[in-house]
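Residue numbers (this note's numbering): 1296 to 1521. Ideal Cβ positions, reconstructed from N, Cα and C, are used throughout, including at glycine. Okay, structure first, notes after.
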Ligand SMILES: [Zn+2]
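As structure tokens, this is what we get:
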């Protein structure tokens, strides 16, 4: 009788282990399946704002579409449009540093570079209450010295909308949509009406194609995982 009980327990345990392993394995495969098949991520980034009129217009449309974006603000503009900066943060967008006055950092001394970066971080952090993580140097100009001074993650782009030059929302949209791939970082500027209109068209078209718009932190996290 004792022996019989022992065998029963052994068989029961083996079954439990078998089901547990089986279940775990199935869960894992279905997760991989989902990741590979359905999700395409893209990040919208807006430089040079906040603008008192067009950034607000942009925030309205992003809210309507439930899209979060990343804003690389110019410190001086953030200071002058404090309410817009606060709205960006309150509505869940990510704020990065785009220098205080948009100077070419290659032409500045170390002390001046540090001032451009620190002043901007202070303005953002006074509202967000957390350290600014991302830095996009003006004109995309950076080198080892600038990275070392900034002590932040430098984020550039891989799809340039050229919205500052094109100024036609349909043409900007076509340019961006034709270039976007999974993991793209789109560069736009929230200081032109045509850019804001184009951003809405880009979102509407790419969402139909199955893209999900995410902030930079989420996009970088996803690419590391893959
Ligand atoms: Zn810029």
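The region 1331-1378 contains, as complete beta strand (DSSP E) runs of 3+ residues, the segments 1335-1342 and 1365-1368 (chain order). With distances taken between CA atoms, residue 1477 lies nearest to 1502 out of 1341, 1502 and 1486.
The region 1417-1424 makes no contact with the region 1397-1409; the number of CB pairs closer than 8 Å stays below 3. By the C-beta density criterion, residue 1474 is exposed, having fewer than 16 other C-beta atoms within 10 angstroms. For residue 1490, the Cβ stays outside the 7 Å cut-off from all heavy atoms of ligand 1. Residue 1507 carries a strand assignment under DSSP once its states are collapsed to helix, strand and coil.
Taking every protein chain shown into account, the CB of residue 1493 has 16 or more other CB atoms within 10 angstroms, so this residue is buried. Here the alpha carbons of residue 1338 and residue 1479 stand approximately 6 Å from one another.
Collapsing the DSSP output to three states places residue 1454 in a strand.
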